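Since the structure comes first, as structure tokens, the remarks are kept for the end.
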Amino acid sequence: MDSVKQDSLGFNPDELRQKYRLERDKRVRVDGNDQYLEVKGDFSYFVEDPYIDEEISRDSLEKTFHTVIIGGGFGGVLSGARLREQGIDDFRIIEKGGDFGGTWYWNRYPGASCDIESYIYFPLLEETSFIPKRKYTDAAETLDYFKVLSDKFSLKENALFQTEVNEVKWISDEKLWFIKTNRQDSIKARYVIHANGFLNRPKLPAMKGINDYQGHTFHTSRWDYAYTGGNSNGNLNNLRDKKVAIIGTGATAVQCVPHLAAGAKKLYVFQRTPSSIDERNNSNTDIDWFNAQKSGWQKERKENFEGFLTGNFTDKDLVNDGWTEIFRTILGGLIKNGPSKLVLLSWVLTAPFYKNFYKVGLRTYIRNKFMNFVTREDINKKVEIVDFQKMEKVRARADALVKDPKTAESLKPYYRQLCKRPCFHDEYLQAFNNDNVELIDTDGQGVKELSAEGIIHDGKEYKVDCIIFASGFEVGTDYSRRCGYQVSGIDGITLSEKWKDGLATFHGIHSKGFPNSFFYGPGQGPMTANFTHSLDEQSAHVAYILKQLDKKNMKYVEASEEAESDWINTIISKARNMQSFQEACTPGYYNNEGKPNTNPANNTYGGGALEYFKLLKDWRKNDKLQGLKTN
Ligand code: NDP
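Heads up: the sequence shown at position 405 corresponds to 607 in my numbering, and the numbers run straight through without jumps.
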């Protein structure tokens with residue numbers, strides 16, 4: 203790197219590259235995902251429901267339904283809504299929690315909110331006429347919205363709450379599914395929709411002495427308000443005389459730390475890797491603007507957002523936020539300024555979500571004749587520089603907002619932006635200016651040991667009344683383990699057995715050998731930052747299939763061998779190899795804790811979510827249930 207270039211950049215790329223490598227190397231561990239404990243046995247109390255007022259008591263149920271939906275989050279509720287729309291009313295939604303909400307039922311920690319714009323995150327806003335209060339919603343409003351959806355589609359009467367599915371088994375003779383629950387129900391269903399969610403199984407670091415700690419503990423997804431006081435808006439008044447430690451500094455901790463800082467007598471934040479924290483800039487909804495939207499606005503807005511993230515961009519950025527900023531800048535660079543800005547394509551190249559963007563971006567670039575020839579290597583180098591520039595700004599933000607220079611330095615992320623989930627928050631970094639807050643930077647090592655009274659790190663014991671685990675959720679473990687139940691299909695073959703060497707589905711929804719079943723989210727389907735968008739598309743698709751079957755008086759549907767194998771080939775051919783990027787990333791759940799996926803079949807649909815949605819739409823238009831064996 204020559205000095206002129208280095209001076210104009212304000213940093214030395216070689217030094218940064220080296221720094222990134224060192225920071226990554228500190229964190230790579232041979233045990234990968236095995237560094238975490240499964241929350242079962244002695245640790246089951248970490249997944250108990252703290253939000254129910256009282257446990258319901260009901261007789262066990264012996265009944266056969268047209269459809270059973272497992273999971274009452276957005277996936278389950280949208281499926282119920284779409285079934286109702288199709289005139290299918292004989293269904294039950296089985297939900298472990300005490301109400302609808304899924305992720306939002308569990309994750310109601312103080313400060314919990316969503317940084318995907320509410321106008322696109324809340325599904326069916328035009329149907330419900332609901333107006334979100336702010337651009338970015340919070341946990342309380344999201345749970346309110348579940349009630350709106352549930353009332354609109356009369357879903358409560360179809361719900362079995364506080365009911366956990368233990369097993370799902372195909373009964374060949376009857377061509378029905380048998381669903382075993384923790385309430386001794388004997389439920390059968392012709393069709394089962396598995397809407398289990400993505401980040402649903404809390405995990406704990408396997409630390410020495412984890413059973414020895416005598417103080418209070420809980421995971422952020424089961425917040426103990428009886429202990430802390432307050433609610434998801436904060437006001438944790440019971441912590442006024444308490445010393446608290448929080449383990450983890452991911453997107454969840456970033457949102458709850460400011461509230462813990464305000465409430466606790468003393469707060470220790472134990473950090474292994476700092477998050478990248480950009481501005482959030484929330485704002486109140488302009489009601490006149492909202493009411494002036496024309497019919498079809500939400501679909502247009504969702505697709506516009508998704509377009510920026512996956513390559514089908516237009517000049518108009520409707521959502522105009524931190525997510526689209528990344529891609530808008532790239533597009534702006536491509537269209538207005540020519541080759542020099544092509545480097546901004548960097549984030550796209552690095553994002554696990556946005557594989558398609560590279561292809562489309564390059565096509566746009568060529569179409570606009572900004573450069574005659576560019577090699578992939580040139581782009582990679584330039585995009586890396588832009589990534590450095592962006593992360594330098596994020597790091598400068600820590601310097602600007604955190605008073606103590608040592609703490610500010612510890613809070614700076616040294617990795618490429620999309621190695622980990624980008625965070626957006628306007629109070630997190632400032633919380634470290636509070637006298638009662640101490641960042642314990644474990645320099646990539648993490649917390650390894652607990653004592654009876656607290657956390658031991660670097661030879662020092664931090665005595666605390668309470669330890670809060672903000673240590674995230676299982677990703678990359680066996681699908682059935684994450685669901686909490688096994689699915690046994692034709693001839694008793696389990697899903698775990700079928701998928702042990704790689705996913706095998708048709709459209710990411712059906713799997714041969716598991717007739718009359720529909721899955722949202724094991725993989726081979728769409729990947730979107732706006733999860734509710736894909737859940738809405740998938741649930742409408744499944745409801746369409748079920749309606750067609752009913753209309754044709756059919757009772758059986760299964761992916762054909764050929765369709766499944768073609769889909770696997772599609773997934774493989776569209777998967778862009780992210781191996782080298784992911785290997786260079788600091789470990790986290792985006793790269794399977796430093797052991798990136800090497801099986802190209804275990805990917806999401808590489809053509810991007812919009813292309814996937816169109817593919818499903820075209821398939822439905824064809825009206826032949828092509829690729830599915832039916833009778
Ligand atoms: P994450 O998996 O993102 O974070 C877990 C944290 O725990 C990481 O900081 C991790 O460090 C740390 N950790 C793990 N083991 C140890 C240890 N032994 N010692 C110290 N620290 C440790 O989980 P989150 O719950 O924060 O977020 C999960 C996802 O949920 C997000 O990525 C996002 O998709 C979603 N979410 C979205 C929000 C939003 O819309 N704003 C808000 C909250 C969550 P390391 O990084 O080193 O592994």
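All residues carry an ideal CB built from backbone N, CA and C; glycine is no exception.
Bear in mind the structure is a predicted one, so any value in this text is a computation, not a measurement.
N836 and I770: beta carbons closer than 8 Å?
-> The requested residue 836 does not occur in the structure, where the chain is confined to residues 203 to 833.
Hey, could you find the ends of the beta strand (DSSP E) G196 is sitting in?
-> Lying before the first or after the last residue shown, residue 196 is absent from the chain, which here runs from 203 to 833.
C458 in three-state terms, based on DSSP = What you label residue 458 is simply residue 256 of the sequence shown in a count that begins at 1. Helix at C458.
CA-CA distance, S262 and G282?
-> Working through the sequence shown from its first residue, we reach residue 262 at position 60. Working through the sequence shown from its first residue, we reach residue 282 at position 80. Near 22 Å, if we compare the C-alpha coordinates of G282 and S262.
Specify the secondary structure class of D236 as computed by DSSP and reduced to three states.
-> By one-based count along the sequence shown, residue 236 stands at place 34. Note: D236 maps to helix in three-state DSSP.
Express the C-alpha separation of Q750 and D643 in angstroms, rounding to a whole number.
-> Position 441 of the sequence shown, counted from the start, is the residue given in the question as residue 643. Position 548 of the sequence shown, counted from the start, is the residue given in the question as residue 750. When the Cα atoms are used, D643 and Q750 turn out to be separated by approximately 57 Å.
Sorted by chain position, which residues of the same chain lie with C-beta nearer than 6 Å to F815's C-beta, five sequence neighbours on each side aside?
-> Residue mapping note: residue 815 aligns to position 613 of the sequence shown, counting from 1. The residues are E739.
Are the segment 297-304 and the segment 461-474 touching, with three or more C-beta to C-beta distances below 8 Å?
-> By the Cβ test, the segment 297-304 is not in contact with the segment 461-474, since fewer than three Cβ pairs between them sit closer than 8 Å.
Opening and closing residue of the beta strand (DSSP E) in which T383 lies | As a first step, residue 383 must be located in the sequence shown, where it is residue number 181. 378-383 is the span of the beta strand (DSSP E), which, as asked, contains T383.
How about the segment 414-429 and the segment 725-738: do they share at least three Cβ pairs that are nearer than 8 Å?
-> Proximity of the segment 414-429 to the segment 725-738 falls short of the contact definition, fewer than three beta-carbon pairs being nearer than 8 Å.
Option nearest I258 by Cα separation, candidates R226, E366, G399, T344 = Here residue 258 refers to the residue found at position 56 when the sequence shown is read from its first residue. The residue with the shortest Cα to Cα distance from I258 is E366.
In the DSSP assignment, find the unbroken alpha helix (DSSP H) run with H743 in it and report its ends.
-> In the sequence shown, residue 743 corresponds to position 541, counting from 1. First-last of the alpha helix (DSSP H) with H743: 733-753.
By how many angstroms is the C-alpha of G809 removed from the C-alpha of K776?
-> Your numbering for residue 776 matches position 574 in the sequence shown. Your numbering for residue 809 matches position 607 in the sequence shown. Spanning the two alpha carbons is a distance of roughly 6 Å.
CB-CB under 8 Å to E629, same chain, minus the five flanking residues each way: which ones, in chain order?
-> Here residue 629 corresponds to residue number 427 of the sequence shown, with the count starting at 1. For E629, where only same-chain residues beyond five positions count, the Cβ hits under 8 Å are P460.
Please confirm whether any heavy atom of ligand 1 lies closer than 7 Å to the CB of Q619.
-> One-based indexing of the sequence shown puts residue 619 at position 417. Exclusion of Q619 from the 7 Å shell around ligand 1 follows from its C-beta lying no nearer than that to any non-hydrogen atom of the ligand.
For V689, collect the residues of the same chain with a Cβ closer than 6 Å to its Cβ; drop the 5 residues on either side in sequence, then sort them by chain order.
-> Mapped onto the sequence shown, residue 689 falls at position 487. Cβ within range, chain order: V370, L697.
What are the start and end residues of each continuous alpha helix (DSSP H) run of 4 or more residues lying completely inside the segment 743-821, in chain order?
-> Qualifying alpha helix (DSSP H) stretches, in chain order: 763-776, 781-786.
At which residue ranges does the segment 303-363 contain complete alpha helix (DSSP H) runs of 4 or more residues, listed in the order of the chain?
-> Complete alpha helix (DSSP H) runs here, min 4: 305-308, 320-323, 327-330, 341-354.
So is the beta-carbon of M593 under 7 Å away from any non-hydrogen atom of ligand 1?
-> Walking along the sequence shown from the start, residue 593 turns up at place 391. No, ligand 1 has no heavy atom inside 7 Å of this Cβ.
By Cβ distance, which residues of its chain are closer than 6 Å to F671, with the 5 residues on each side in sequence left out?
-> Taking the sequence shown and counting its residues from 1, one reaches residue 671 at position 469. Excluding positions up to five away in sequence, the list reads L406, H421, I449.
So what does DSSP say about N854, is it helix, strand or coil?
-> No statement about residue 854 is possible, as the shown extent of the chain runs from 203 to 833 and does not include it.
Under the rule that 16 or more other beta-carbon atoms within 10 Å means buried, what is E359, buried or exposed?
-> Sequence index remark: in the sequence shown, residue 359 carries index 157 (1-based). By the 10 Å Cβ count, E359 comes out exposed.
Rounded to a whole number of angstroms, what is the C-alpha to C-alpha distance between K650 and K354?
-> Taking the first residue of the sequence shown as 1, we reach residue 650 at position 448. Taking the first residue of the sequence shown as 1, we reach residue 354 at position 152. Put simply, the backbone Cα of K650 is about 49 Å away from that of K354.
Given a threshold of 16 other Cβ atoms within 10 Å of its Cβ, counted over all protein chains shown, does K377 qualify as buried or as exposed?
-> The residue you call residue 377 lines up with position 175 of the sequence shown. K377 is exposed by the Cβ-count criterion.
Is I296 near V270, with beta carbons less than 8 Å apart?
-> As a working mapping, residue 296 is identified with position 94 in the sequence shown. As a working mapping, residue 270 is identified with position 68 in the sequence shown. Yes, the Cβ-Cβ distance between I296 and V270 is below 8 Å.
Go ahead and pull the three-state DSSP assignment for N402.
-> The sequence position of residue 402 within the sequence shown is 200, counting from 1. Residue state, collapsed to three classes: coil.
Rounded separation between G299 and L737 - CA only | To locate residue 299, count along the sequence shown from 1; it is residue 97. To locate residue 737, count along the sequence shown from 1; it is residue 535. Distance between the alpha carbons of G299 and L737 is about 20 Å.
Going straight from the alpha carbon of E785 to that of D233, what length do you get?
-> Along the sequence shown, one-based indexing puts residue 785 at 583. Along the sequence shown, one-based indexing puts residue 233 at 31. Note on geometry: alpha-carbon atoms of E785 and D233 lie some 15 Å from one another.
Could you tell me the distance, in whole angstroms, from the CA atom of S782 to the CA atom of R226?
-> Within the sequence shown, residue 782 is the residue found at index 580, counting from 1. Within the sequence shown, residue 226 is the residue found at index 24, counting from 1. Straight-line Cα distance between these residues: approximately 14 Å.
Taking 7 Å as the line, does the beta carbon of V649 fall inside it for any heavy atom of ligand 1?
-> Sequence index remark: in the sequence shown, residue 649 carries index 447 (1-based). Answer for V649: yes, Cβ within range of ligand 1.
Please report the residue range of the alpha helix (DSSP H) in which D227 lies.
-> Translated into the one-based positions of the sequence shown, residue 227 becomes position 25. Note, D227: alpha helix (DSSP H), 215-229.
According to the neighbour-count rule (16 or more other Cβ atoms, all chains shown, within 10 Å of its Cβ), is G661 buried or exposed?
-> Translated into positions along the sequence shown, residue 661 becomes position 459. Answer is exposed; the Cβ neighbour count stays below 16.
Answer yes if the segment 582-601 comes into contact with the segment 756-770, meaning at least three C-beta pairs across the two stretches below 8 Å, and no otherwise.
-> Not touching, per the Cβ criterion.
Measuring from the CB of G661, is there a heavy atom of ligand 1 at a distance below 7 Å?
-> On the sequence shown, residue 661 is found 459 positions in, with the first residue counted as 1. Not so, every heavy atom of ligand 1 lies at least 7 Å from the Cβ.
Check the DSSP bridge columns for Y687 and list the partner residues they point to.
-> Residue mapping note: residue 687 aligns to position 485 of the sequence shown, counting from 1. In DSSP, Y687 forms no bridge with anything.
For T730: DSSP bridge partner residues = Residue mapping note: residue 730 aligns to position 528 of the sequence shown, counting from 1. Paired residues: none, contrary to the question.
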